[in-house]
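2 protein chains.
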Amino acid sequence: MPTNKQPRSLGIVQPQTFKSQQALTLDCGQTLESYELVYETYGELNATASNAILICHALSGSHHAAGYHSESDKRPGWWNAAIGPGKAIDTDKFFVVCCNNLGGCDGSTGPTTHQPDGETLWGADFPLVTVRDWVRSQHHLMLHLGIEQWAAVAGGSLGGMQALQWSVDFPDLLRHCVIIASAPNLTAQNIAFNEVARQAILTDPEFCDGHYVREGKVPNRGLMLARMLGHITYLSNDAMGEKFGRHLQRDKLHYDFGPEYQVESYLRYQGEKFVGTFDANTYLLMTKALDYFDPARDYGGTLAEALRRSTAKFLLVSFTTDWRFQPERSEEIVNALIEAGRDVSYIEVDSPNGHDAFLLDIPYYMGTLRAYLENIDV
Amino acid sequence: MPTNKQPRSLGIVQPQTFKSQQALTLDCGQTLESYELVYETYGELNATASNAILICHALSGSHHAAGYHSESDKRPGWWNAAIGPGKAIDTDKFFVVCCNNLGGCDGSTGPTTHQPDGETLWGADFPLVTVRDWVRSQHHLMLHLGIEQWAAVAGGSLGGMQALQWSVDFPDLLRHCVIIASAPNLTAQNIAFNEVARQAILTDPEFCDGHYVREGKVPNRGLMLARMLGHITYLSNDAMGEKFGRHLQRDKLHYDFGPEYQVESYLRYQGEKFVGTFDANTYLLMTKALDYFDPARDYGGTLAEALRRSTAKFLLVSFTTDWRFQPERSEEIVNALIEAGRDVSYIEVDSPNGHDAFLLDIPYYMGTLRAYLENIDV
Numbered sequence: 005m006p007t008n009k010q011p012r013s014l015g016i017v018q019p020q021t022f023k024s025q026q027a028l029t030l031d032c033g034q035t036l037e038s039y040e041l042v043y044e045t046y047g048e049l050n051a052t053a054s055n056a057i058l059i060c061h062a063l064s065g066s067h068h069a070a071g072y073h074s075e076s077d078k079r080p081g082w083w084n085a086a087i088g089p090g091k092a093i094d095t096d097k098f099f100v101v102c103c104n105n106l107g108g109c110d111g112s113t114g115p116t117t118h119q120p121d122g123e124t125l126w127g128a129d130f131p132l133v134t135v136r137d138w139v140r141s142q143h144h145l146m147l148h149l150g151i152e153q154w155a156a157v158a159g160g161s162l163g164g165m166q167a168l169q170w171s172v173d174f175p176d177l178l179r180h181c182v183i184i185a186s187a188p189n190l191t192a193q194n195i196a197f198n199e200v201a202r203q204a205i206l207t208d209p210e211f212c213d214g215h216y217v218r219e220g221k222v223p224n225r226g227l228m229l230a231r232m233l234g235h236i237t238y239l240s241n242d243a244m245g246e247k248f249g250r251h252l253q254r255d256k257l258h259y260d261f262g263p264e265y266q267v268e269s270y271l272r273y274q275g276e277k278f279v280g281t282f283d284a285n286t287y288l289l290m291t292k293a294l295d296y297f298d299p300a301r302d303y304g305g306t307l308a309e310a311l312r313r314s315t316a317k318f319l320l321v322s323f324t325t326d327w328r329f330q331p332e333r334s335e336e337i338v339n340a341l342i343e344a345g346r347d348v349s350y351i352e353v354d355s356p357n358g359h360d361a362f363l364l365d366i367p368y369y370m371g372t373l374r375a376y377l378e379n380i381d382v
Numbered sequence: 005m006p007t008n009k010q011p012r013s014l015g016i017v018q019p020q021t022f023k024s025q026q027a028l029t030l031d032c033g034q035t036l037e038s039y040e041l042v043y044e045t046y047g048e049l050n051a052t053a054s055n056a057i058l059i060c061h062a063l064s065g066s067h068h069a070a071g072y073h074s075e076s077d078k079r080p081g082w083w084n085a086a087i088g089p090g091k092a093i094d095t096d097k098f099f100v101v102c103c104n105n106l107g108g109c110d111g112s113t114g115p116t117t118h119q120p121d122g123e124t125l126w127g128a129d130f131p132l133v134t135v136r137d138w139v140r141s142q143h144h145l146m147l148h149l150g151i152e153q154w155a156a157v158a159g160g161s162l163g164g165m166q167a168l169q170w171s172v173d174f175p176d177l178l179r180h181c182v183i184i185a186s187a188p189n190l191t192a193q194n195i196a197f198n199e200v201a202r203q204a205i206l207t208d209p210e211f212c213d214g215h216y217v218r219e220g221k222v223p224n225r226g227l228m229l230a231r232m233l234g235h236i237t238y239l240s241n242d243a244m245g246e247k248f249g250r251h252l253q254r255d256k257l258h259y260d261f262g263p264e265y266q267v268e269s270y271l272r273y274q275g276e277k278f279v280g281t282f283d284a285n286t287y288l289l290m291t292k293a294l295d296y297f298d299p300a301r302d303y304g305g306t307l308a309e310a311l312r313r314s315t316a317k318f319l320l321v322s323f324t325t326d327w328r329f330q331p332e333r334s335e336e337i338v339n340a341l342i343e344a345g346r347d348v349s350y351i352e353v354d355s356p357n358g359h360d361a362f363l364l365d366i367p368y369y370m371g372t373l374r375a376y377l378e379n380i381d382v
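Spelled out as structure tokens, the structure:
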């Protein structure tokens, strides 16, 4: 029975650190003898540890999925719209876990942390990691937390890919799998956009082969361009038209390279804001993880074969104007699940907001997520 | 009656130079006291000068629309598929004119040519020009060639915008207007892509505020990124998928920043090939001309008002998978023409090739163009 209680904020939340002493051999062949994952949890783990949900973050996300870090914190975690007491992912019922992925730049072991010697920054020497590697590291965290099976693994975009990979690699360790605004792999066009973003960073003279920190430099230009480009692919053509149209930034045309149209100004602002809060090596690594993701690859290229092993139930969500991962891409996963005889629910949410819709508080979307999770026995 | 003769190549063609002594006041307010346009002509102007067609080029095009410059020339002009004896734009019937636009980098006055003192390169001091400025300069060329009325003005993409502007600014000076894969103005998303390309160039340290030539430098990185990004928008998602899919470039994944997938390698190749053949200041200027184009602006924002003055007949062509200028954008022009009571024919060509389709020898497309032009009395 749906609850009608008022959704509330989680208030102040605190990150914790998991220090894994278990070695992790990565898809690239390198082994991390030890590593750390920064994570947050919301809600209480119940006595049988049956109410845990793992939330996986997307490209520029982090472990900070909901709540605030301090009273003066202006912006809550990236999925605050969905996570909290009385919200779709109800922390009165579930114990929610979210970690900063390996290779991230928010505290987990990655390019911005030190190598085992404790002195040398990883920088560009940090190995490229894959979605499979992340899932393996999240499994270590799961064991550390005393969780034997996730009630659900959930995520949007690159986060949805991790949820999908969980269902393939650890089929018995999750009861539900929630994949939002995602895809079974990247298209050539997706890879192409990533490659332009990477080249923007790699060719920035201040990139210094990825060792910019030790050189006292920052490849701001490259990271800014990458983020500007990313933003175009997150928003729909319609949403950009609605928001900016051809509105001028200044009183009249100036015939110079200042921002003539508001959309130029917006993009520059987004690019500049990102620089200084995100690490260029991590950005590169995240785009590579996206490119490499392809769970069907180990199963003769047939996604249904990969999914035949899974015992979870699935919820898939797509958004009408998402042109980064179109609804058709979600439907590929849905069709593979049907072919594999799995239990799957699917909704396509009507939204003008493009790929970014997965982060928004859209009633039909949140209502579906809420209804689906309410039906999970814990 | 359709002719069934075999289409032939124009063979060797030669550029000519028009030196205008007539001053040209630009939309930005600056005046060019004199300027040069490099142009090519194919076919013969008839006695009454009634068979002239002006072809307008797109972003990276030039005056070299068809034929070859030498016996050893490997690639013909950019619209060789359409222009030649027996081709859709039949040079046995028409006198075809195509000039390198003002601000271009193929010989016409622009950033790569000298200022009136004959010594100083224009570089970044060359003013930003608009589609309206181009049309005015093309009108000067028209007078120079002794042409009182074009049988047709035609172009694809940015070239189609010039054709549309001709019909608004010089409504009595063209009998037909052929607008292919174009749009009545750029959307916010179109402007956004242009802005990323521009920032790639403007923030390249070797750009030197646009005076890279005099500094002995070249902003290759920026121009390469701009071209890579452009290429993604010229091709359709489907065409990229068809051509590259997720095919690996090397024998296996290497987990490095070398090109893992073929599409990465292709994009880098396209970017590198462009650098050295095109000028960065011209690239900037072309993207600005695209942004500024908005013929409705002078007519209360209503395109039909602008077109009510025109006396030409129109042919509009769009391509199904063109997501840079979608068929809907062509239909906006068609609808404005209908509202203005103008004579308009329109076809949407089924093609997997995205925006680039306008350059290709697609039978239905070329057949329509041929049929339309065959019906023009000269």
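Read top to bottom, the protein sequences are chains A and B.
The first sequence runs 5 to 382 under this note's numbering.
The second sequence runs 5 to 382 under this note's numbering.
Backbone N, C-alpha and C fix where the C-beta goes; we use that ideal spot for every residue, glycine too.
Since the model is a prediction, treat every value here as computed from it, not as a measurement.
Task: Near-chain A residues of the stretch 188-207 of chain B (beta-carbon distance less than 8 Å), N- to C-terminal order - done: For the stretch 188-207 of chain B, which is checked against every Cβ of chain A, the residues closer than 8 Å are N189, L190, T191, A192, Q193, I195, A196, F197, E199, V200, R202, Q203, A204, L206 and T207.
Task: Proximal chain B residues relative to A/D255, where beta-carbon distance stays under 8 Å - done: Under the 8 Å cutoff, chain B gives no residues; its nearest Cβ is about 15 Å from A/D255.
- [ ] Would you verify that the beta carbon of B/Y273 is, or is not, closer than 8 Å to some beta carbon of chain A?
- [x] Not a single C-beta of chain A is nearer than 8 Å to the C-beta of B/Y273.
TODO: Report yes or no: is there a C-beta of chain A within less than 8 Å of the C-beta of B/L233?
DONE: yes
Task: A/F323 and A/F362 closer than 8 Å at C-beta - done: Yes, Cβ-Cβ distance for A/F323 and A/F362 is below 8 Å.
- [ ] For the stretch 28-87 of chain A, list the beta strand (DSSP E) runs that are entirely contained and at least 3 residues long, ordered along the chain.
- [x] Under the rule that a run must span 3 or more residues, the beta strand (DSSP E) segments found entirely inside the stretch 28-87 of chain A read 39-46 and 56-60.
Open item on the list: Using C-beta distances below 7 Å, list every residue in its chain close to A/H235, excluding the 5 sequence neighbours before and after it, in chain order.
Closed with: L271 and Q274
- [ ] Starting from the beta carbon of A/M244, find every residue of chain B whose beta carbon is closer than 8 Å, and list them in chain order.
- [x] T191, A192, Q193 and A196
TODO: Starting from A/E264, find everything on chain B with Cβ-Cβ shorter than 9 Å and list it in chain order.
DONE: I195, K292, D295 and Y296
TODO: Compute the distance between the beta-carbons of B/I57 and B/W154, then report whether it is under 8 Å.
DONE: yes
- [ ] Taking only runs that begin and end inside the stretch 157-235 of chain A, name each unbroken beta strand (DSSP E) of 3 or more residues, in chain order.
- [x] 180-184
- [ ] Would you mind working out which of B/G164, B/D129 and B/Q193 sits nearest A/N241, comparing C-alpha positions?
- [x] B/Q193
TODO: Please confirm if A/G108 has its CB atom under 8 Å from at least one CB of chain B.
DONE: no
TODO: Taking only beta-carbon positions, decide if B/I236 is within less than 8 Å of chain A.
DONE: yes
Open item on the list: For B/I93 and B/G163, I'd like the C-alpha separation in whole angstroms.
Closed with: 15 Å
Open item on the list: Does the contact criterion of 3 or more C-beta pairs under 8 Å hold for the stretch 89-105 of chain B versus the stretch 132-148 of chain B?
Closed with: yes
Task: A/A1 and A/L311 closer than 8 Å at C-beta - done: The shown model of chain A, from 5 to 382, leaves out residue 1 of chain A, and the question about it has no answer.
Open item on the list: I believe B/V382 touches B/S76 by the beta-carbon criterion, under 8 Å. Please report the beta-carbon distance rounded to the nearest angstrom.
Closed with: At roughly 35 Å, the Cβ-Cβ gap does not stay under 8 Å, so B/V382 and B/S76 are not in contact.
Open item on the list: As an exercise, report each continuous beta strand (DSSP E) stretch of at least 3 residues that is fully enclosed by the stretch 97-167 of chain B, in chain order.
Closed with: 99-103 and 156-160
Open item on the list: Between B/L132 and chain A, is the shortest Cβ-Cβ distance under 8 Å, so that the two count as touching?
Closed with: yes
Task: Nearest-angstrom Cβ-Cβ length linking B/S161 and B/F329, presumed shorter than 8 Å - done: 7 Å
Open item on the list: If I follow the unbroken beta strand (DSSP E) through A/K317, where does it start and stop?
Closed with: K317 to F323
Task: Three-state class that DSSP yields for A/K23 in the structure shown - done: strand
Open item on the list: Give me the DSSP bridge partner(s) of A/E352.
Closed with: A/S322
Open item on the list: DSSP has A/L252 in a bridge; who is on the other side?
Closed with: A/Y265
- [ ] Taking C-beta pairs closer than 7 Å, name the residues in chain B that A/G249 reaches, listed in chain order.
- [x] A192
Task: A/D94 (DSSP reduced to helix, strand or coil) - done: strand
Task: Backbone secondary structure at B/V17 - three-state DSSP - done: coil
- [ ] Note down, in chain order, each residue of its chain lying with its Cβ closer than 7 Å to the Cβ of B/E48, except the 5 sequence neighbours on either side.
- [x] F99
- [ ] Pick helix, strand or coil for A/D365, following the three-state DSSP scheme.
- [x] coil
TODO: Please work out which residues of its chain come closer than 7 Å, Cβ to Cβ, to B/P367, disregarding the five sequence neighbours upstream and downstream, and give them in chain order.
DONE: Excluding five sequence positions before and after B/P367, none of the CB atoms of its chain fall closer than 7 Å to its own CB.
TODO: Consult DSSP for A/M5 and reduce its assignment to one of helix, strand or coil.
DONE: Note that A/M5 scores 44 on pLDDT, short of 50, meaning its location in the model is unreliable and no value can be drawn from it.
Open item on the list: Going by the DSSP bridge assignment, what does A/D347 pair with across the sheet?
Closed with: A/K317
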